[in-house]
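*Asks:* Here you go, one structure.
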Ligand SMILES: [Zn+2]
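This is how it looks when you write it as structure tokens:
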């Protein structure tokens, strides 16, 4: 179809019909290329990590009540497990270098490198200028889920975290204080950060157990009831010394609503293990990123 010429003097909004070029179908048919082919990344030492978890020792347990968050630490080379001890529940996870909170999880670049949802062998990357693996997923009882008929997958890095600002925006100013953003902020204040610093440290999360995708027609972010059940868990090895903060989302299994007290919620359990020291002998944390930071100056 030929484009319809615009009549001079009547700009008006452009319609798709007016702007569709003659070769539109040809342009749409161009095959995509992967933005960041990740086969040149150093492979995770999954065989070692799996051997290390076969003989690991529980060192710490943290139960996180619904609509709250908790802080935990994992030494480099340690293993942490997040589980649903009572029922299906979504968790919003932030990670920091234990000694440097400015090195924190970068969900956008993790998404660019691994895809919209994380699985075993994928890593959680820190932001610039560090950009190194913070944690590697080594076990996942929901690995069977794959991709459902709606395009939904589990453990997403496409959502941000539920927050009171978006809630106020969409609800005409309603105030709700148990969104994951606020839960994470309160937990960091409880860990000793000042209120302003704590809120500024909260970042886009890994949505543990959350089942999400984008709608085919409108491209909108959707959520659906998590397939997680009592006893399901996901496990990570800490590639560097970590401070983790995990919120038990007020959306519960995120099958209906969030940012309110309406959904049924369950606690989340964090367990920190010492990996088998013999298997981990000689293992080292990854170095920070190798870019020289001169930026062409
Ligand atoms: Zn949430």
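Residue numbers (the UniProt record's numbering): 1 to 297.
Beta carbons are placed, not taken as given, at the ideal position from N, Cα and C, and that holds for glycine.
For ligand 1, any of its heavy atoms closer than 7 Å to the Cβ of residue 92?
*Replies:* As a first step, residue 92 is located in the chain shown; it is residue number 92 there, counting from the start. Yes, Cβ of residue 92 sits closer than 7 Å to a heavy atom of ligand 1.
*Asks:* Using the beta-carbon count (16 or more within 10 Å), is residue 177 buried or exposed?
*Replies:* Here residue 177 corresponds to residue number 177 of the chain shown, with the count starting at 1. Per the 10 Å Cβ criterion, exposed.
*Asks:* Buried or exposed for residue 15, please, with buried defined as at least 16 other CB atoms from any protein chain shown within 10 angstroms of its CB.
*Replies:* In the chain shown, residue 15 corresponds to position 15, counting from 1. It counts as exposed.
*Asks:* Under a three-way DSSP split, which group does residue 92 fall into?
*Replies:* Sequence index remark: in the chain shown, residue 92 carries index 92 (1-based). Correct three-state label for residue 92: strand.
*Asks:* Quick check on the burial criterion: 16 or more other C-beta atoms within 10 angstroms. Buried or exposed for residue 308?
*Replies:* What is shown of the chain runs 1 to 297, which leaves residue 308 out entirely.
*Asks:* With a 10 Å radius around its C-beta and 16 neighbouring C-beta atoms as the bar for buried, classify residue 239 as buried or exposed.
*Replies:* Looking up residue 239 in the chain shown gives position 239. That one is buried.
*Asks:* For residue 99, which residues in the same chain have their Cβ closer than 8 Å to its Cβ, ignoring the five residues on either side in sequence?
*Replies:* Here residue 99 refers to the residue found at position 99 of the chain shown. If we look at residue 99 and ignore the five residues flanking it on each side, its Cβ neighbours are 241.
*Asks:* Below 8 Å on the Cβ atoms is my guess for residue 208 versus residue 91; work out the distance and round it to an integer in Å.
*Replies:* If you number the chain shown from 1, residue 208 lands on position 208. If you number the chain shown from 1, residue 91 lands on position 91. Rounded, the Cβ-Cβ distance is 4 Å, consistent with contact.
*Asks:* Please check the pair residue 95 and residue 105, which I expect to be a contact at CB under 8 Å, by giving their CB distance rounded to whole angstroms.
*Replies:* As a first step, residue 95 is located in the chain shown; it is residue number 95 there, counting from the start. As a first step, residue 105 is located in the chain shown; it is residue number 105 there, counting from the start. Correct: roughly 4 Å between the Cβ atoms.
*Asks:* Put residue 211 into one of helix, strand or coil per three-state DSSP.
*Replies:* Counting from 1 along the chain shown, the entry for residue 211 is found at position 211. If DSSP states are grouped into helix, strand and coil, residue 211 belongs with the strands.
*Asks:* Ends of the beta strand (DSSP E) at residue 248?
*Replies:* Taking the chain shown and counting its residues from 1, one reaches residue 248 at position 248. Residue 248 -> beta strand (DSSP E) spans 242-248.
*Asks:* Can you find a heavy atom of ligand 1 that lies under 7 Å from the Cβ of residue 247?
*Replies:* As a working note, residue 247 is residue 247 in the chain shown. Yes, since a heavy atom of ligand 1 falls inside the 7 Å radius drawn around the Cβ of residue 247.
*Asks:* What ranges does the alpha helix (DSSP H) occupy inside the region 101-163, keeping only unbroken runs of at least 4 residues that lie completely in it?
*Replies:* 107-114
*Asks:* For residue 75, tell me which candidate among 277, 297, 65 has the shortest Cα-Cα distance.
*Replies:* As a position in the chain shown, residue 75 is number 75, starting the count at 1. Checking every option, the nearest Cα to that of residue 75 belongs to 277.
*Asks:* What separation, rounded to the nearest whole angstrom, lies between the Cα atoms of residue 135 and residue 18?
*Replies:* Residue mapping note: residue 135 aligns to position 135 of the chain shown, counting from 1. Residue mapping note: residue 18 aligns to position 18 of the chain shown, counting from 1. In a straight line, the C-alpha of residue 135 is about 49 Å away from that of residue 18.
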